[in-house]
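Engineer:
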Amino acid sequence: MSRLENYFSFIVYFMIILMASVNMSLAQAPDMENMHFVQIDIPQHGIIEVAPPLPMDGRLPDGTVLTIKATPAEGYVFDGGYYAIYGTWGKLYFESMTPEFEVVIDQDKTLGASFIEKKALEGFRVIQNVEYAQPGEKLLKYDVFTPEGAIGLPCIIIIHGGGWSINTEDIMRGLARELVSTGDYVVFSIDYRWISNLDGDQEPNQLVDIIQDVYGAICHIQEHAQEYGGDPGRIALTGDSAGGHLSAAAANFADRIGDGGFGGDDGVFEFNPSYLPEGKPVGEVRRDILNAIRAVAPSYGVFGGPLLKAFMGGASEEYFRAIAPIENIPDVKDRNIPQYLLRGTNDFLIQNESVQAYADALKAAGQKVIYEQVEGAGHAFFDWKPDSNTKEVFLQYGVPYAAKMKAFFDEVFYPKE
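Residue numbers (my numbering): 6 to 422.
Put into structure tokens, the structure is as follows:
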């Protein structure tokens with residue numbers, strides 16, 4: 006072979022190697038369309054470790070699984086870990102109540118953890134994720150906050166808000182800690198199905214299904230209350246926003262617990278709890294819940310009107326009235342249920358006129374009602390989230406009005422001589 010032939014052979018060989026290298030590099034290069042940006046919120050009073058470590062540019066392939074471990078500083082305890090995304094309502098937090106948890110990267114996400122002072126959890130214990138029913142895709146559960154040495158204490162059941170479509174019971178843990186802190190109540194914070202198909206159910210969930218979940222949780226709590234030091238026969242309900250609707254609904258509609266269906270037969274609108282104790286007839290369940298609910302504190306709730314109708318998908322007027330608390334207030338001669346109503350003066354969503362109308366309807370039925378407007382507060386001031394702004398709002402408004410709510414319940418369960 007001549008020198009010229011050797012030269013051309015070398016050139017051809019070199020080009021083959023070069024093209025193979027380029028092809029291999031292209032094959033190994035990340036597909037930027039399937040990459041997601043991940044960042045970390047630097048926590049206060051603790052640290053988080055992420056494994057594997059994030060790359061310098063924060064971009065990870067779709068499907069990457071990260072393990073997050075949160076460790077509190079001295080004098081602090083773990084409050085919750087999370088990933089956050091942006092949605093219709095702003096930054097949405099998806100929390101873990103265990104300090105080591107996994108996150109699947111399937112979109113841009115922010116990772117973080119929250120820590121609180123150790124003394125905030127003193128005097129009571131928390132039992133997470135007690136399962137009570139699974140009527141659809143979502144496994145329904147509640148958390149228990151029980152004072153040390155509790156025996157036969159009244160129970161407070163908290164129902165979270167979020168437009169019946171977001172959040173879990175975890176968002177109410179700040180309020181639960183305030184209500185349990187004096188040792189006078191066992192507090193339960195419950196979850197429920199989300200509206201429509203948001204849980205992944207093929208058949209859309211309706212408001213009636215969610216109310217039935219609330220009754221199912223109450224049934225399960227009554228069945229197990231004594232295990233946590235609670236009295237199943239003495240219950241107060243509270244909830245905020247959508248949870249305000251659900252707490253008022255559960256109190257006002259209890260005489261319609263039954264298995265006759267909801268709207269299938271003319272004039273029959275009954276709520277069949279999503280959990281029933283084995284062998285216990287629904288009539289006995291109705292009696293026990295009717296006798297147990299002694300007070301309710303629906304905060305900035307939805308009691309009727311256009312906002313409630315918007316979530317009812319064009320249902321009939323009769324159907325709407327059957328789901329609206331303002332249309333189903335028991336007369337005090339039949340059932341006495343004192344109610345404590347709250348609304349922030351800067352609430353953009355719940356108007357004073359709608360809450361005042363509900364307060365007036367309660368008074369017309371002879372029920373005791375206290376309606377307080379919280380000066381300067383906006384919507385959802387009882388929420389507890391990992392971000393500092395939500396915590397500050399809770400400390401400013403949630404803490405003092407949780408104390409007022411508890412004082413209202415004390416008048417019912419611990420009346421002065």
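Even for Gly, the Cβ is constructed at its ideal location relative to N, Cα and C.
Compare the C-alpha of N134 against each of G128, E127, K143 and L126 and name the closest.
Structural biologist: Measuring from the Cα of N134, the nearest candidate turns out to be K143.
Engineer: Contact check, A75 vs P104 under 8 Å by CB: the rounded distance?
Structural biologist: Yes, they are in contact, since the Cβ atoms of A75 and P104 sit about 5 Å apart, within 8 Å.
Engineer: In the DSSP assignment, what residue or residues form a beta bridge with E100?
Structural biologist: Answer is Y87.
Engineer: Buried or exposed for V290, going by 16 or more other Cβ atoms inside 10 Å?
Structural biologist: By the neighbour-count rule (16 or more Cβ atoms within 10 Å), V290 is buried.
Engineer: So what's A382 in DSSP terms, helix, strand or just coil?
Structural biologist: Reduced to three states, the DSSP call for A382 is coil.
Engineer: Residue range of the beta strand (DSSP E) that A138 falls in?
Structural biologist: Residues F129 to A138.
Engineer: Less than 6 Å between C-beta atoms, sequence neighbours within five positions excluded: which residues of the same chain meet that for V191?
Structural biologist: Cβ neighbours of V191 beyond the five flanking positions: T151, A155, L158, C160, Y233, G234 and G235.
Engineer: My guess is that F120 and V82 are in contact by the Cβ rule of under 8 Å, so how many angstroms apart are they, rounded?
Structural biologist: F120 to V82, Cβ: 7 Å. Contact.
Engineer: Would you tell me roughly how many angstroms separate the C-alpha atoms of N341 and G249, rounded to the nearest one?
Structural biologist: So the alpha carbons of these two residues sit roughly 19 Å apart.
Engineer: Along the chain, where does the alpha helix (DSSP H) containing M410 start, and where does it finish?
Structural biologist: That run of the alpha helix (DSSP H) goes V404 to F418.
Engineer: Give me, in chain order, the residues of the same chain whose beta-carbon lies closer than 6 Å to that of P140; leave out the 5 immediate sequence neighbours on both sides.
Structural biologist: Closer than 6 Å at the Cβ level, and outside the excluded window around P140, lie S279.
Engineer: Given this structure, state the Cα-to-Cα distance separating A302 from S246, to the nearest angstrom.
Structural biologist: Each residue's alpha carbon lies about 11 Å from the other.
Engineer: If we count the other Cβ atoms within 10 Å of its Cβ and call it buried at 16 or more, is Y91 buried or exposed?
Structural biologist: Its Cβ having fewer than 16 others within 10 Å, Y91 is exposed.
Engineer: Pull up the distance between the alpha-carbon of A412 and that of I53, whole angstroms please.
Structural biologist: Whole-angstrom Cα-Cα distance: 39 Å.
Engineer: Let me know the secondary structure DSSP gives I342 once reduced to three states.
Structural biologist: Coil.
Engineer: Taking 8 Å as the cut-off, does the stretch 345-361 touch the stretch 376-384 (at least 3 CB pairs, one atom from each stretch)?
Structural biologist: Segments in contact, yes.
Engineer: Which runs of the alpha helix (DSSP H) at least 4 residues long sit entirely within the stretch 189-262? Give them in chain order.
Structural biologist: The stretch 189-262 contains these whole alpha helix (DSSP H) runs: 212-229 and 247-257.
Engineer: Going by the beta-carbon positions, is the gap between H50 and A78 smaller than 7 Å?
Structural biologist: Closer than 7 Å, so yes.
Engineer: Tell me which residue opens and which closes the alpha helix (DSSP H) that D148 is part of.
Structural biologist: It is not in any alpha helix (DSSP H) - D148 instead sits in the beta strand (DSSP E) that spans L145 to P152.
Engineer: From V353 to Y305, what distance separates their C-alpha atoms?
Structural biologist: Looking at the sequence itself, residue 353 is Phe, so the reference to Val does not match. Taking the straight line joining both Cα atoms gives about 11 Å.
Engineer: Could you tell me which residues DSSP puts in a beta bridge with A300?
Structural biologist: Looking at the DSSP assignment, A300 forms a beta bridge with A241.
Engineer: Note down the Cα distance separating A181 from F276, rounded to an integer number of angstroms.
Structural biologist: Distance between the alpha carbons of A181 and F276 is about 27 Å.
Engineer: Under three-state DSSP, which class holds K124?
Structural biologist: K124: helix per DSSP, three-state reduction.
Engineer: Which residues does DSSP list as the beta-bridge partners of G51?
Structural biologist: Paired residue(s): P77.
Engineer: Based on Cα-Cα distance, which residue from L203, S359, V213 and A253 lies nearest to G263?
Structural biologist: When each option's Cα is compared against that of G263, the closest is V213.
Engineer: Confirm, please, whether the CB-CB distance from I334 to L295 is below 7 Å.
Structural biologist: No, Cβ-Cβ distance for L295 and I334 is not below 7 Å.
Engineer: Write down the C-beta distance between K114 and A138 rounded to the nearest angstrom, noting that I regard them as a contact closer than 8 Å.
Structural biologist: About 30 Å separates the two Cβ atoms, so there is no contact after all.
Engineer: Might you give, ordered along the chain, the residues of its own chain that have their beta carbon closer than 8 Å to the beta carbon of E379, omitting 5 neighbours on each side?
Structural biologist: For the sequence presented, residue 379 should be read as Val rather than Glu. So the qualifying residues of the chain are L347, R348, G349, T350, F386, Y402 and Y406.
Engineer: Which whole-angstrom value describes the C-beta separation of A329 and L313, a residue pair presumed to lie in contact below a C-beta threshold of 8 Å?
Structural biologist: At roughly 6 Å, the Cβ-Cβ gap stays under 8 Å, so A329 and L313 are in contact.
Engineer: Which first and last residues belong to the beta strand (DSSP E) in which F42 is found?
Structural biologist: Residues M40 to I45.
Engineer: Give a yes or no on whether the C-beta atoms belonging to D215 and A297 are separated by under 7 Å.
Structural biologist: The sequence given here has Ile at residue 215, not Asp. Contact: no.
Engineer: Could you give the C-beta distance for D218 and R198, rounded to a whole number, given that I count them as a contact under 8 Å?
Structural biologist: Indeed they touch by this definition, with Cβ atoms about 6 Å apart.
Engineer: For the beta strand (DSSP E) containing P311, list its first residue and its last residue.
Structural biologist: It is not in any beta strand (DSSP E) - P311 instead sits in the alpha helix (DSSP H) that spans G310 to K314.
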